[in-house]
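This note's numbering puts the first residue of the sequence shown at 795, with every later residue one more than the last.
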Amino acid sequence: MTHQTVGYPARPGLPDDPRANVAEPTPSCPVEIALAALHGRWTTLVIREFLRGDRTFTELRQALPALSDKVLSDRLAHLTEAGVLERRRQPGWPPRVHYALTPHGRRLGPVLQALWDWGVQHRPPVTG
């Protein structure tokens, strides 16, 4: 159920929220928060792997062999800090670290699907 705010009628694709009527991006904007979580090359592919299940660093390296260890480490740290992933270290030797999507991270699945669907429909024409 949505609420109507006086002066802000609900329209498809526009939030029914007076905070959406801003003149410039703000860090507290929900769209900016979502885009910041997805920021960075490879981020969407890393999230895709986690939508398939929990992963270790080594498993991610195998799934995405063209991704460098440095960039993978950066993406894991970024996604963990953004609350998309949780990091669990298992005791023992050698140390093993498992990563998993948080409930907030799982909610990115439909977002990525919507971005995919939009991209399929708006693919630029092939020139050449």
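Cβ coordinates follow ideal geometry from the N, Cα and C atoms, glycine included.
Scanning 892, 902 and 835 for the CA closest to the CA of residue 869 turns up 835. One Cα belongs to residue 917, the other to residue 889, and the distance between them is close to 44 Å. Look at residue 860 here: in three-state DSSP terms it is coil, with no helix or strand label. With fewer than 16 other Cβ atoms from the protein chains shown falling within 10 Å of its own Cβ, residue 852 counts as exposed. In this structure, DSSP gives residue 820 a state outside helix and strand, which the three-state scheme calls coil. Per DSSP, residue 908 is not a residue of any beta strand (DSSP E); the alpha helix (DSSP H) it occupies stretches across 902-915.
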